[in-house]
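J.: So for the sequence shown, the working numbering puts the first residue at 58; every next one is plus one.
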Amino acid sequence: MSLDRYLNFASYGPITGAALAASHDIDRRAAAGAPAARLHAADDRATAAAAALTGFAPENVVLSSSTSAGLMQAAFAMPPGRVLVSRAEFPANLYPWWRAAEAGRISVGALRPADPRRPLTVDDLAGALTADTVAVSVSAVSFRTGHRADLAAIREAIGDRLLVVDAIQGMGVVDEDWQVADVVVSGGQKWLRSGWGTGFAAFSDRALERLVPALSGWTGAERSGQYSGDEHPRRRDARRFTMTNGSPGASAALAAGIGEVLSTGIGEVAAAVHVRAAELRRLLAERRAEVVTPEEHAGIVVARLGADAHARLAVAGFATTLVDGDGIRFAPHATTPVAVLAEAVDVACG
Ligand SMILES: Cc1ncc(COP(=O)(O)O)c(C=O)c1O
């Protein structure tokens, strides 16, 4: 099936051929009884790939089954204090904080930003940063509008506090300096095209010092191969955030998905995505559609065209998402032919 009309990478990215083959290869070998250690070598490959993509050291990266799992880990590892987050975030970046607060570990400042279309800004944070604020959690790219957060400015504004970033809508499609953050979490099922059940979290050295995961299991402890009944201390590296082993098939898929981005070069992928998203903005503006995505964007472009437009697009074979009732979220990838965008806009604008 051709993916030419698939403009929905912000929902999920169809798994690439390389990721599919890598995951099948693990399943095939597992079905033949290959030793577990050989299969789990894929974990190291995925960790190294995520480290290369984000600029963090491999010891500072841990694999995760989703964005939510990574954020839950961060939330249940926070030192006591207040965590600020915007109510405009995708719920995956709200519930971990609410649940950790319910468990009595932290308190949450769930802010209503002046402009709910954008991730938190420095202005939103200005009056909210209290002495007991220990962290701010923000998404790199808004799932509802494509607005990008100014991570460097937020870093600057919050000083020594931890900056947690839900990176899934930007990972693999923007050339971001992820290292301004202390915790960078991403699932691999969208722009990285690695399938569900894949993802990772990267931690700054400071985050590894301050975060003590409650949800740390036997693989998160030193000497995990010693089944002596003794409680061992948590590992010092990011693997302290594991509860058990992950799926080597998922690891292999993630390593392959990220590998494709790395072999093309994140700069090149980001430029190709930007060209397509910019073309969509231009075409929509030409048709006088109300475009809510600003010039500084990643791969998401949203225009208020109504639910009928979404239905028309579906009939014409275009996959998009309807957001907030009347917004059409277009999300092309670097592989989307530029020529189909005009057709999509024609269909959408009626
Ligand atoms: C900003 C953002 N965070 C998180 C998620 C999903 O999180 P998870 O990987 O836990 O499904 C999405 C999309 O579904 C999203 O847009």
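C-beta: ideal position from N, C-alpha, C; glycine also.
Spell out the partners DSSP gives E347 in its beta bridges.
T.: R361
J.: State yes or no: is the C-beta of A132 nearer than 7 Å to some heavy atom of ligand 1?
T.: no
J.: Which value, in whole angstroms, describes the spacing of the CA atoms of P389 and E279?
T.: Separation of P389 and E279 (C-alpha to C-alpha, rounded to the nearest whole angstrom) is 44 Å.
J.: Is any heavy atom in ligand 1 found nearer than 7 Å to the beta carbon of I225?
T.: yes
J.: Is the stretch 82-100 touching the stretch 212-229, taking contact as three or more C-beta pairs under 8 Å?
T.: Touching, no.
J.: Taking 7 Å as the cut-off, does the CB of A327 come closer than this to any heavy atom belonging to ligand 1?
T.: no
J.: Which ranges would you report for the beta strand (DSSP E) in the stretch 216-277 if only whole runs of at least 3 residues count?
T.: 219-223, 240-244 and 256-260
J.: Would you list the one or two residues that DSSP bridges to H354?
T.: H204
J.: Look up R386 in the DSSP assignment and give the residues it is bridged to.
T.: BP columns for R386 point to V359 and T378.
J.: Please tell me whether P270 and F133 are closer than 8 Å, where the distance is taken between their beta carbons.
T.: yes
J.: By DSSP, does R175 sit in helix, in strand, or in coil?
T.: coil
J.: For A67, which of helix, strand or coil comes out of DSSP?
T.: coil
J.: Taking 7 Å as the cut-off, is the CB of G256 close to at least one heavy atom of ligand 1?
T.: yes
J.: Classify T393 as buried or exposed, calling it buried when 16 or more other Cβ atoms lie within 10 Å of its own Cβ.
T.: Buried is the label assigned to T393, since at least 16 other Cβ atoms lie within 10 Å of its Cβ.
J.: When you compare the CB positions of G356 and V330, do they come within less than 8 Å of one another, or not?
T.: Yes, they are a contact pair.
J.: Tell me the DSSP bridge mates of R139?
T.: For R139, the beta-bridge partners assigned by DSSP are S164 and T190.
J.: Within 7 Å: the Cβ of F66 and any heavy atom of ligand 1?
T.: no
J.: Cutting at 8 Å between CB atoms, please list the residues of its own chain near E442, excluding the five before and the five after it.
T.: Beyond the ends of the chain as shown, which are 58 and 407, falls residue 442; an answer cannot be given.
J.: If you compare alpha carbons, which of T178, D287, E266 and F298 is closest to S273?
T.: F298
J.: I'd like the span of the beta strand (DSSP E) that includes L120, first residue to last.
T.: V118 to L120
J.: Could you give the residue range of the alpha helix (DSSP H) that holds P305?
T.: P305 to T321
J.: What are the residues that DSSP puts in a beta bridge with F198?
T.: Reading the sequence as shown, one finds Val at residue 198 and not Phe. BP columns for V198 point to R205.
J.: Any heavy atom of ligand 1 within a distance shorter than 7 Å of the CB on F200?
T.: yes
J.: How about S199: is its C-beta nearer than 8 Å to some C-beta of chain D?
T.: The chain labelled as chain D is not found in the depicted structure, where only one protein chain is given.
J.: Using three-state DSSP, classify R291 as helix, strand or coil.
T.: strand
J.: Three-state secondary structure (DSSP) at L398?
T.: helix
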